[in-house]
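First residue of the sequence shown? That's 1 in full-length UniProt numbering, and the numbers climb one at a time after it.
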Amino acid sequence: TLSEAGVSAGLSAMFPVYVSSTAVHSGIVSTIEDTPVLINLHGGDLEGGVTFWASTLPLKGDLVDVVTGRTIITSFAPITGNTVMYHPKGSANGRDVFKYQAFDGSEFSYRSGVLIDITPVNDPPVCAALTTVVPISNSPTLIQLTGSDVDDGAFLRYVITRPPRRGQLYQSDLLGNK
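This is the structure:
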């Protein structure tokens, strides 16, 4: 049977009791891809102060307790103070959420979520490193330019920013034909 709080008498020691007198407030924050953001946690109790606990961790980033500097790695972890830093994982964008609860020393509040909007940015493409090419005198040497784009891997265009000091560059097919 369940008590009025919705908890089985046999399991009450394992799960916190949730009460409506301890309240937390939801929020929405925005950040840009790869940019951390400070998040203030809000809540209170009719009888005095509360502490906060992370109850559900975000999927696209990490929460850091700004007072201790530690990354919160498990659900239902205490937070020192009322501020956390959200660090999006590399190139993460879209929406993420985490939930927290207030604790007044004897009872936990219901969970409240913070929605995090992560705006994507266009990451620049990256050129792959070239090995030093030493051609045989007066003979054409094929140099293949490669690179990548983490955003979409679409068609890449290469621009030669500094021509060679000796010799000439020309574009060819994979067989070396001009």
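We put the CB at the ideal spot given by N, CA and C, even for glycine. Since the structure is predicted, the reported quantities are computational estimates derived from the model, not experimental observations.
Inset, instruction - From the DSSP output, in three-state form, read off Asn93 for me. - result: Taking the sequence shown and counting its residues from 1, the one referred to as residue 93 is at position 93. Annotated three-state conformation of Asn93 is coil, per DSSP.
Inset, instruction - May I have the straight-line CA-CA distance separating Ser21 from Cys127, to the nearest angstrom? - result: Counting from 1 along the sequence shown, the entry for residue 21 is found at position 21. Counting from 1 along the sequence shown, the entry for residue 127 is found at position 127. Because Ser21 sits at a pLDDT of 47, beneath the cut-off of 50, its placement in the model cannot be relied upon, and the following sentence gives the value as read from the coordinates. Cα to Cα, Ser21 sits roughly 58 Å from Cys127.
Legend entry - Three-state class that DSSP yields for Tyr170 in the structure shown: By 1-based counting over the sequence shown, the position of residue 170 is 170. DSSP places Tyr170 in coil when its eight states are reduced to three.
Inset, instruction - Could you tell me whether the region 115-130 touches the region 70-79, using the rule of 3 or more Cβ pairs below 8 Å? - result: No contact exists between the region 115-130 and the region 70-79.
Inset, instruction - With a threshold of 7 Å, establish whether the CB of Val97 neighbours any heavy atom of the ligand MN. - result: The model depicted lacks the ligand MN and carries no ligand whatsoever.
Legend entry - Cα-Cα separation between Glu33 and Gly113, rounded to whole angstroms: If you number the sequence shown from 1, residue 33 lands on position 33. If you number the sequence shown from 1, residue 113 lands on position 113. For Glu33 and Gly113, the distance between alpha carbons rounds to 20 Å.
Legend entry - Spatial distance of Val50 from Leu59 (CA atoms): Stepping through the sequence shown from its first residue, residue 50 is reached at position 50. Stepping through the sequence shown from its first residue, residue 59 is reached at position 59. Distance between the alpha carbons of Val50 and Leu59 is about 26 Å.
Inset, instruction - Have a look at Thr119, Gly105 and Thr68 and flag the residue whose alpha-carbon is nearest the alpha-carbon of Asn93. - result: The count along the sequence shown starts at 1 and reaches residue 93 at position 93. Relative to the Cα of Asn93, the nearest Cα in the group Thr119, Gly105 and Thr68 belongs to Thr119.
Legend entry - Candidates Thr74, Gly90, Ser26 and Gly43, of which the one nearest Asp151 by Cα: Reading the sequence shown from its first residue, position 151 is the one you call residue 151. Comparing Cα positions, the closest option is Gly90.
Inset, instruction - Grab the span of the beta strand (DSSP E) containing Leu38 for me, first residue to last. - result: To locate residue 38, count along the sequence shown from 1; it is residue 38. Residues Val37 to Asn40.
Inset, instruction - Could you pull out every residue in the same chain whose Cβ sits closer than 7 Å to the Cβ of Ser55, ignoring the five residues on either side in sequence? - result: Working through the sequence shown from its first residue, we reach residue 55 at position 55. For Ser55, the CB contacts under 7 Å within the same chain, skipping 5 residues up- and downstream, are Ser75, Phe76, Lys99, Tyr100, Gln101 and Arg111 in chain order.
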